């Protein structure tokens with residue numbers, strides 16, 4: 001977060017007529033995490049060693065998460081589509097945007113039986129660079145089913161599969177499910193998010209490319225930033241991307 005100061009700005013900060021001077025700060029203690037009335041804030045002395053007695057008049061959230069990788073990925077995709085216009089590519093992305101039904105190599109409809117794991121795995125194997133949506137309200141077994149489909153595709157067909165979600169916790173929950181479904185933890189990897197250790201391999205983001213390339217049949221977990229980064233997850237290096 002940032003601590004904001006009234007002018008004149010403390011040493012090391014810049015006065016600006018359009019906005020208040022600001023310096024980085026961190027909350028280290030509160031009396032009540034849900035509705036704090038007392039907050040302890042720490043501001044560290046800068047490299048120049050200057051200190052000041054001035055107190056901030058307000059606190060503000062820190063900067064938003066950088067979106068450069070996401071924007072560049074969207075821009076490059078748009079440029080590729082525009083360069084081939086008016087012909088549109090046959091990809092999962094375009095199928096979703098154009099609301100086209102999933103395309104299969106066989107031309108057959110999606111399988112439907114009493115075994116959703118078998119049906120979904122068979123459908124995934126028959127997809128022609130397309131998509132498959134699995135719906136269901138909370139508690140209906142989507143994670144359980146997804147974990148077993150992923151484990152089957154990796155074990156039986158040596159697929160390389162990515163798992164992405166809005167949060168690290170969601171990704172890690174599915175990775176745990178995949179391992180519980182019988183997949184070797186050595187075939188599952190993700191960069192660490194906090195100090196919580198999972199059963200999968202903990203690797204650095206710079207090792208994603210090597211792990212995917214050298215592991216015949218694997219699951220790699222990450223955020224949208226990981227999968228939008230071509231230097232981390234090369235284009236067309238995965239057989240399937242699971243969005244949870």
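Residue numbers (full-length UniProt numbering): 1 to 244. All C-beta atoms in this analysis are idealised placements derived from N, C-alpha and C, irrespective of residue type, glycine included. This structure is a prediction, so every number in the text was calculated from the model and none was measured.
- In the structure shown, residue 144 falls within a helical segment according to DSSP collapsed to helix, strand and coil.
- When rounded, the separation of the alpha-carbon atoms in residue 161 and residue 111 is 21 angstroms.
- Contact between the region 40 to 56 and the region 67 to 74 is not established, with fewer than three Cβ pairs separated by less than 8 angstroms.
- Going by C-alpha positions, residue 200 is about 43 angstroms away from residue 58.
- Here residue 222 is buried. Its C-beta has 16 or more other C-beta atoms within 10 Å.
- Note on geometry: alpha-carbon atoms of residue 50 and residue 10 lie some 9 angstroms from one another.
- For the region 56 to 119, the full-length alpha helix (DSSP H) segments reaching 4 residues or more read 68 to 83, 92 to 97 along the chain.
- If only uninterrupted alpha helix (DSSP H) runs of at least 4 residues are considered, those enclosed by the UniProt domain "DNA2/NAM7 helicase helicase" (131 to 180) are 142 to 157, 168 to 180.
- Residue 177 counts as buried, since at least 16 other C-beta atoms from the protein chains shown sit within 10 angstroms of its C-beta.
- Of the candidates 61, 86, 80, 22, 22 places its Cα closest to the Cα of residue 55.
- A direct Cα-to-Cα measurement between residue 37 and residue 28 gives close to 14 angstroms.
- Taking all protein chains shown into account, residue 136 has fewer than 16 neighbouring C-beta atoms within 10 Å of its C-beta and is therefore exposed.
- For the pair residue 6 and residue 224, the Cα-to-Cα distance works out to about 39 angstroms.
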